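Enquirer: The opening residue of the sequence shown carries number 0 in numbering that gives the first Met the number 0; numbering runs sequentially from there.
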Amino acid sequence: MTNLLRLFFIAIGISLFSCDKNRVYDTYQTVPQVGWHKDSVMSFHLKNVDTITNYNLFINLRADQNYPYNNLFLETSISFPYGKEIVDTLEYKMAHPDGRLLGQGTGSLKESKLWLREEVRFPEQGQYTLKIKQLMRAQGEIEPLEYLPGITEIGVRIEQVTP
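(1) Taking contact to mean at least 3 C-beta pairs separated by less than 8 Å, is the segment 83 to 92 in contact with the segment 136 to 143?
(2) Secondary structure at H44, three-state DSSP: helix, strand or coil?
(3) Got a sec? Which residues, its chain only, sit under 6 Å from Q28 by beta carbon, not counting five neighbours each side?
(4) Along the beta strand (DSSP E) that carries R120, what are the first and last residues, could you check?
(5) For W35, verify whether its CB is less than 7 Å away from any heavy atom of the ligand NAD.
(6) For Y127, which residues from the same chain have a beta carbon less than 7 Å from its beta carbon, with the 5 sequence-adjacent residues on both sides left out?
(7) Out of E145, E123, Q124 and K109, which one is the CA nearest neighbour of K132?
(8) The beta strand (DSSP E) that contains E152, what's its start and end?
(9) Are the CB atoms of Q159 and T52 within a distance shorter than 8 Å?
(10) Are G149 and A62 close, meaning C-beta to C-beta below 8 Å?
See the structure below:
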């Protein structure tokens, strides 16, 4: 019985690692409990990325039930090693109409894998920097929220595109 159990755990381990074979980069940064400050920029440094491979880029967010909105506005920028920068303003749907958060997970914490860019190539050798900033405003307000509650972690995931 022990050999059968051992084989079972080995099979589970192999399947877990093989499901994620396209992952090149996957990391998170924690947001302070008070919330994501309007001036806080999350920076992710990508070093030694293959210059001939295509990648899909994702933003991973972990949010809890304290997140009060149905959407999320972000500003992202990708800085190239030799000075070029690409800036985007993006909107993501975060909740059902009844307020239940979208995403994977049980209980009050949900994880969302949000598309950032599809089939990207990093043509220059060196370090790329991806920055993410929240741009949320209360309805009818001009000024951004000082603190955005409910976002607990922000991450970036890069996956190699398979032919």
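Ideal Cβ placement from N, Cα and C applies to all residues, glycine included. Note that the structure is predicted; figures quoted are calculated from it, not measured.
Expert: Let me lay it out:
(1) Under the Cβ criterion (8 Å, minimum of three pairs), the segment 83 to 92 does not count as touching the segment 136 to 143.
(2) If DSSP states are grouped into helix, strand and coil, H44 belongs with the strands.
(3) Taken in chain order, the residues that qualify are M41 and I153.
(4) Following the DSSP letters along the chain, one finds R120 inside the beta strand (DSSP E) bounded by residues K109 to R120.
(5) No copy of the ligand NAD occurs in the structure displayed, which carries no ligand at all.
(6) The beta carbon of Y127 sits closer than 7 Å to the beta carbons of L45, V48, I77, S78, F79, P80 and F121 from its chain, once the five residues preceding and following it are set aside; these are given in chain order.
(7) Of the residues E145, E123, Q124 and K109, the one whose Cα lies closest to the Cα of K132 is E145.
(8) Boundaries of the beta strand (DSSP E) harbouring E152: I150 to Q159, taken from the DSSP string.
(9) Yes, Cβ-Cβ distance for T52 and Q159 is below 8 Å.
(10) In contact: G149 and A62 (Cβ atoms closer than 8 Å).
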